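Everything below concerns the one structure shown next.
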Amino acid sequence: MSSGRAKLMDMLMRPNRSKLKGYQKQPPPKRWNIVRGDTVQVIQRKHPEFGKQGKVQVVIREKMRVIVENVNLAPRRIPADPMRGSKAETVMMERSIHYSNLNLVDPVTGFPTKITHTYLEDGTKVRISKRSGAIIPKPQVWKQPQISNLIASEDSDTTNAAEVWAVTYKGRTSKWEEMRQELLRTLEESKEQNVRGGDNSQ
């Protein structure tokens, strides 16, 4: 049996750890030290991207995964879109990496480091590098909301503000609404006739 087939059989025969008795998934961290905009490095030696650095683009806290710019690239097929006139193509896009495989990069030494937290004299909470003792400030971009999947159009069909804000929708009443309005008009007319008949009798 070849080595490739032996590895495949070993993977197929290996039990699923999530179904084993007493197995527990890794709990999420109590404190997220990595935020969007931080510079991180892959520290897992078995990872194919070991040693690469990049900026964090997305933090997926529900899955404990992080997407790093230009790290862990993989081909992805984008289907054609006839509405936009685009053809199908294959592009290289970042795949997510588990949170535990990354560490922040020390701004002084340029190497990955673990951090601790402390408070400044004004009460501001900061991150401190355990490697050099330098403060690692949080980037301002992590406070900004993420904007994605937006289509910007350079050409505008309307230039007049009155045309833009003009109400062009004309509501159409349903058949049941028309019957209800007709019934209400009939009741109003019958009430008026009863009132007139009472006045004439007096």
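Take 1 as the starting number for the sequence shown in the UniProt record's numbering and just add one per residue. Note that beta-carbon positions come from the ideal geometry of N, C-alpha and C, so glycine has one too. Given the structure is predicted, the values throughout are model-derived calculations rather than measurements.
Do residue j and residue i count as a contact pair if the criterion is CB distance below 8 Å?
| i | j | result |
| --- | --- | --- |
| Lys55 | Val68 | yes |
| Arg36 | Gln57 | yes |
| Leu104 | Ile135 | no |
| Leu61 | Pro27 | The sequence given here places Arg at residue 61; Leu does not occur at that position. Taking 8 Å as the Cβ cut-off, Arg61 and Pro27 do not qualify as a contacting pair. |
| Arg76 | Val91 | yes |
| residue 231 | Thr116 | What is shown of the chain runs 1 to 202, which leaves residue 231 out entirely. |
So the candidates are the options; which of them puts its Cα closest to the Cα of residue i?
| i | options | result |
| --- | --- | --- |
| Thr39 | Thr124, Lys125, Lys7, Gly110 | Gly110 |
| Ile128 | Val141, Pro107, Lys191, Asp122 | Pro107 |
| Val71 | Val42, Glu163, Trp32 | Val42 |
| Leu73 | Met93, Glu62, Glu182 | Met93 |
| Ile34 | Arg45, Val66, His47, Leu12 | Val66 |
| residue 238 | Asn194, Glu189, His47, His117 | Since the first residue of the chain shown is 1 and the last is 202, residue 238 is not available in this structure. |
| Lys114 | Leu102, Met83, Thr90 | Leu102 |
| Ser132 | Ala6, Pro112, Tyr119 | Pro112 |
| Ile97 | Met83, Gly197, Lys125, Phe50 | Phe50 |
| Ser100 | Arg31, Glu89, Gly85 | Arg31 |
Does DSSP put residue i in a helix, in a strand, or in coil?
| i | result |
| --- | --- |
| Thr186 | helix |
| Ser3 | helix |
| Gly197 | helix |
| Arg14 | coil |
| Leu150 | Bear in mind that a pLDDT of 48 at Leu150, under 50, signals an unreliable position, so the number given afterwards is only what the model happens to contain. In the structure shown, Leu150 sits in coil (DSSP, three-state: anything other than H, G, I, E or B). |
Among all the DSSP beta bridges, which residues are the ones paired with residue i?
| i | result |
| --- | --- |
| Val40 | Gly54, Leu104 |
| Ile34 | BP columns for Ile34 are empty, so no partner. |
| Ser129 | Ile115 |
Counting only beta-carbon separations shorter than 8 Å, does residue i have a partner in chain B?
| i | result |
| --- | --- |
| Gly51 | In the displayed structure, chain B is absent; only one protein chain is listed. |
In chain order, what are the residue ranges of uninterrupted beta strand (DSSP E) at least 3 long that sit wholly in the region 42–127? 53–60, 65–68, 73–78, 89–94, 102–105, 115–119
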